[in-house]
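Only one structure is covered here, and it is reproduced in the block below.
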Amino acid sequence: MIGLRAAFRAGSASRGASRSTMTAPVFKPSLWDRASCAIEKRPFSTQLLLCTFKTSCCDVMAQTCIEGKSFKDIDWRRNSIYTAFGFLYLGGAQYFIYVHGFKKLFNPAIVEKFGSQTIRQKLTNLPGLKSLFGQTLVDIGIHQPFMYLPAFYVVKEFMHAVNDVGTGEKGEYGSAKNITDVSPVEI
Numbered sequence: 001m002i003g004l005r006a007a008f009r010a011g012s013a014s015r016g017a018s019r020s021t022m023t024a025p026v027f028k029p030s031l032w033d034r035a036s037c038a039i040e041k042r043p044f045s046t047q048l049l050l051c052t053f054k055t056s057c058c059d060v061m062a063q064t065c066i067e068g069k070s071f072k073d074i075d076w077r078r079n080s081i082y083t084a085f086g087f088l089y090l091g092g093a094q095y096f097i098y099v100h101g102f103k104k105l106f107n108p109a110i111v112e113k114f115g116s117q118t119i120r121q122k123l124t125n126l127p128g129l130k131s132l133f134g135q136t137l138v139d140i141g142i143h144q145p146f147m148y149l150p151a152f153y154v155v156k157e158f159m160h161a162v163n164d165v166g167t168g169e170k171g172e173y174g175s176a177k178n179i180t181d182v183s184p185v186e187i
């Protein structure tokens, strides 16, 4: 947005031109400028859109790259279930947890200041580092094991129930090993 304002000012400030000969500058923002503006105006919609798209792409990638399926053999029912999870939980619920819930738990002024600092400044900002440490602990110690993983495994069980009716197969969902496997990634 700063680039837009500077371009507009530079185009409208002509030295030595009379008012009668000066024309309004033709100003056309770039695609990047328009996208940035839309993201700033609608952060929740952006979160929903990106998380939905990302989750669908990740499942397609898991099915093709990890499971070795061809694109025509993709299980679209499974993909739609994970896409719904991406929309509802990752896009919706986590937005409210991280944006609104963390504002109630941690001082927004400290978080905002810490987020806008350089790495060198962050290393000397003790209140910001304490807040960052606290947010990490809340995420790893409360959110992941008691909210995210149960929601994910409910969706995964639902997906298996839809795809494997009557097989009787059960996984070790929600085990302590799964929680410890996720935690190092978060740190």
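Counting from 1, position 66 in the sequence shown corresponds to residue 66 in the UniProt record's numbering; the numbering is continuous, with no gaps.
All C-beta atoms, glycine included, are put in the ideal place defined by N, C-alpha and C.
Source: prediction; values computed, not measured.
**Asked** How many Å lie between Lys54 and Thr83 at the Cα?
**Response** 8 Å
**Asked** Where do the N-terminal and C-terminal ends of the alpha helix (DSSP H) with Asn79 fall, by residue?
**Response** 76 to 85
**Request:** State the DSSP-derived secondary structure class of Ser70, mapped to helix, strand or coil.
**Result:** coil
**Request:** Compute the Euclidean distance between the alpha carbons of Ala161 and Ile140, then round it to the nearest angstrom.
**Result:** 29 Å
**Request:** Measuring alpha carbon to alpha carbon, tell me which of Ile110, Ser131, Trp76, Phe87 ends up nearest Ala151.
**Result:** Phe87
**Request:** Give the C-beta separation of Gly91 and Leu129 to the nearest angstrom, bearing in mind that I take them to be a contact with Cβ-Cβ under 8 Å.
**Result:** Not really, about 29 Å apart at Cβ, beyond 8 Å.
**Prompt:** Does the region 134 to 148 come close enough to the region 92 to 106 that 3 or more CB-CB pairs lie under 8 Å?
**Reply:** yes
**Request:** Drop a sphere of 10 angstroms on the beta-carbon of Met61, count the other beta-carbons inside from all chains shown, and report buried for 16 or more, exposed for fewer.
**Result:** exposed
**Request:** Taking Met159 and Ile81 to be in contact with their CB atoms under 8 Å, please state how far apart those CB atoms are, rounded to whole angstroms.
**Result:** 5 Å
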